[in-house]
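Worksheet for the structure shown next.
2 protein chains.
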Amino acid sequence: MIQVEVALAERSYPILIGQGLLSACEPLLRLAAGRMVAIVTDDQVGPLYAARLEAALQGVAASRITVTLPHGEANKGWGTLERIFDALLEARFDRGALIVALGGGVVGDMAGFAAAVYQRGIDFVQVPTTLLAQVDSSVGGKTGINHPLGKNMIGAFHQPRLVLIDTDTLSTLPAREVSAGLAEILKHGAIADAGYFEQVVNDLAALRAVDAAALARAIARSCEIKASVVSRDEREGGLRAILNFGHTFGHAIEAGLGYGEWLHGEAVGAGMVMAADLSCRLGLIEGAVRKRIEQAVAEAGLPVEGPRWAVQRYIELMSVDKKAEQGTPKFVLLDALGSAVVKRAPQADVEATLRACTGA
Amino acid sequence: MIQVEVALAERSYPILIGQGLLSACEPLLRLAAGRMVAIVTDDQVGPLYAARLEAALQGVAASRITVTLPHGEANKGWGTLERIFDALLEARFDRGALIVALGGGVVGDMAGFAAAVYQRGIDFVQVPTTLLAQVDSSVGGKTGINHPLGKNMIGAFHQPRLVLIDTDTLSTLPAREVSAGLAEILKHGAIADAGYFEQVVNDLAALRAVDAAALARAIARSCEIKASVVSRDEREGGLRAILNFGHTFGHAIEAGLGYGEWLHGEAVGAGMVMAADLSCRLGLIEGAVRKRIEQAVAEAGLPVEGPRWAVQRYIELMSVDKKAEQGTPKFVLLDALGSAVVKRAPQADVEATLRACTGA
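Protein sequence lines, in the order shown, are assigned to chains P and G. Numbering of the first sequence is given in the working numbering, commencing with residue 1 and proceeding in unit increments. Numbering of the second sequence is given in the working numbering, commencing with residue 1 and proceeding in unit increments.
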């Protein structure tokens, strides 16, 4: 078992990475002992893995319920969230209760947000079962739901007490979702550690083949990078924005297509190529670095171009992004492989990038 | 203008109390300068007072919208909250935006919760226009909405940046709502300051007649007491519970009648008598103190008895209270006038109190 610490003073917590943790994880059992525990999962992950957690908690938790949500980004709204509240209130769960989020990023975001606002905040544990959630959304305390006018527009910063990553769960993950996770892994290298980026590129075949050792190594290093950024900027006042490399463009793609059409990691894949292209246009990086990123994204099995929409459509979609300030988005760009900067960009360059990177 | 500080380290904020502050309040204008500002109000308070705030913000805020919600506790749910999110997103409000909550406790709780979760948290200002909101709900950062199974079950701790109390707004407040505010004022004396309790009792006629000087004095002292408690226990880990004197019984009354049937302060009035009765049964206070509280509640124009329901109905309603732990409510009791303690109570005594204080 590998342990990575997220240092946030009194809100610090460990990330535990290993095989078989769903069935045997002492820190989880200590946290759950004597408490009301709700496992929140979805109808894809629940049937595969909920029983392992339920068995582990048997006789440890004071009481236990399992709440199964409909799968998918399209269900990441208030209506689904209410199912959690209804179940917690019907079971008379109090402020001492614990939520365990078992599933991908959507389940983690929703269960985490439910924990953030149920009776003004209760404890929760992240048990991410997709590669993307393991290296990204489960760490850092961002929780939330979508609004018809924007992704993750309603949410809270609410740190988990523990993140438990059982790499066994990746064995059932579809190849497309493995690739989506690799997008965030490549991102961590691109923004913070060129050597790690190169290592991931070298390991891409093994990672796509769900090689346990290669995955554990990448998950641990990605969690370290994310934890380090989050520790220095919990509430996204500045530095944390670099984690959004590829996301301003990516969110526009997701919003324009309708959530769930492309996987989040796929949109981020194309978005990173666009952000690299823009960095290049602004003279921040060489064309070779832009090309290196495009190749890595392609080799990870991800799209390298956005949908073929009018430039104005992208501009419009980006202006509602949370990172926009009074309608003007800031971009996370690279000034070298392994180093990110946050900048506004001239409209003409943004438009040139959109034309170049959207097959238009 | 009287100023009371709420000391919460980097989340500290001032409460400003005075006449005419809606039209002229320099600290509000400084906070709003150059920002997108949303005034959130309701269809009773908005027509009376929104224009004053709008005029004051004219030329100061970068942009301004007013969101008018339907009045009343019955509307304190997700459906109403969504109107705020829709308006903010349609106006492209970003993370730098500011919400100004103009109204009673319901508006403050909802606008504050919207601010807590819009794009994972934006700034907000409380401008309470009812006596109850001025001395209670606007201070301390509790925000939230109701669920069919319980009041304020979904919410967040989110501190305002400023509380602005314009005592002129009390001139239009119905007598019944003045009395409801006096319930919380009496509560502050009962739990923390016997001298203040006696002063309030002496001033009751002036307070009920909306005498400006008497009101400003009481509002300031009540805010001081509440601020002091909140400063020492922001997230209700322990001490803050004493502010719920009268509320365990009171919430049961509100939940059982349906929200909005009795005013919150009315339920707290009867609830305080019940809590005093229980304190007396447990030998914590003399019968004379219990009687003093009952008389004060009556003189404030508040009910001194709960609805005539079966004892079991009350027990059931109290078991879902947020302060309940695994189904057993704790009670805030008095061990002297001006001094509160939090205790579990034997079921037989609780039942005796319910029989004695509900006209059953």
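Ideal Cβ placement from N, Cα and C applies to all residues, glycine included. Treat the numbers as computed from the prediction; the structure is a model and nothing was measured.
Secondary structure of Ile285 (chain G) (DSSP, three-state): coil. Here Leu164 (chain G) carries a strand assignment [DSSP, helix/strand/coil]. Scanning the segment 171-247 of chain G from its first residue to its last, the whole alpha helix (DSSP H) runs of 4-plus residues come out as 175-192, 194-208 and 212-232. Three or more Cβ pairs closer than 8 Å define a contact, and the segment 63-77 of chain P meets that threshold against the segment 42-49 of chain P. Among the residues facing chain G, Phe124 (chain P) is not included, as its CB has no counterpart in that chain under 8 Å away.
Between Ser279 (chain G) and Gln126 (chain P), the alpha-carbon positions lie close to 43 Å from each other. Straight-line measurement puts the Cα of Gln58 (chain G) at about 28 Å from the Cα of Ala216 (chain G).
When CB distances to chain G are screened at a threshold of 8 Å, the residues of the segment 87-106 of chain P falling below it are Leu89, Glu90, Arg92, Asp94, Arg95 and Gly96, in chain order.
Nearest CB-CB separation between Ser319 (chain G) and chain P: below the 8 Å threshold. Glu177 (chain G) and Pro128 (chain G) have their C-alpha atoms roughly 13 Å apart. Look at the beta carbons and you see the segment 278-295 of chain P not touching the segment 159-171 of chain P: under three pairs across the two are nearer than 8 Å. For Gly150 (chain P), the C-beta contacts it makes with chain G under 9 Å involve Leu89 and Gln119, in order along the chain. DSSP places Gln347 (chain P) in the helix class (H, G or I) of the three-state scheme. Taking every protein chain shown into account, the CB of Gly181 (chain G) has 16 or more other CB atoms within 10 angstroms, so this residue is buried. When Cβ-Cβ separations below 8 Å define contact, Phe331 (chain P) makes no contact with chain G. Taking a C-beta cut-off of 7 Å against chain P, the contacting residues of the segment 148-173 of chain G are Leu149, Gly150, Met153, Ile154, Gly155, Ala156 and Phe157, listed in chain order. Annotated as proximal: Ile122 (chain G) and Ile99 (chain G), with beta-carbon spacing under 8 Å.
The C-alpha of His147 (chain G) lies about 18 Å from the C-alpha of Leu263 (chain G).
For Ala116 (chain P), at least one C-beta of chain G is nearer than 8 Å to its own C-beta.
Between the beta-carbon of Gly104 (chain P) and that of Thr80 (chain P) there is about 14 Å, and that puts the pair past the 8 Å contact cut.
Here Ala114 (chain G) is buried, its C-beta having at least 16 other C-beta atoms within 10 Å. Our two residues, Ala220 (chain G) and Asp335 (chain G), have alpha carbons roughly 25 Å apart in a direct line.
Chain order gives the chain G residues near Gly144 (chain P) as Val117 and Arg120, where near means a beta carbon separation below 8 Å.
Secondary structure note for Ile99 (chain P): its beta strand (DSSP E) is the uninterrupted segment Leu98 to Gly103.
Here the segment 221-229 of chain P does not lie against the segment 308-323 of chain P, with fewer than 3 beta-carbon pairs under 8 Å apart. At a C-beta separation below 9 Å, Phe85 (chain G) has these neighbours in chain P: His147, Leu149, Met153 and Ile154. In the structure shown, Val40 (chain P) adopts extended strand secondary structure according to DSSP, grouped into three states. Boundaries of the alpha helix (DSSP H) harbouring Ile84 (chain G): Trp78 to Glu90, taken from the DSSP string. CA-to-CA, the gap between Tyr196 (chain G) and Ala241 (chain P) works out to about 50 Å.
If you draw a straight line from the Cα of Ile15 (chain P) to the Cα of Asn202 (chain G), it is about 59 Å long. Beta-bridge analysis with DSSP links Gln3 (chain P) to P:Leu16. Here DSSP, grouped into helix, strand and coil, assigns Ile253 (chain G) to helix. Taking the CA atoms as reference points, Gly46 (chain G) sits about 16 Å from Gly20 (chain G). Counting C-beta pairs with one atom in each stretch, the segment 241-252 of chain G and the segment 328-347 of chain G have three or more that are closer than 8 Å, which means they touch. As a beta-bridge residue in DSSP terms, Gly144 (chain G) pairs with G:Gly155. A Cβ-Cβ distance of about 7 Å is found for the pair Glu234 (chain P) and Gly141 (chain P), placing them in contact under the 8 Å criterion.
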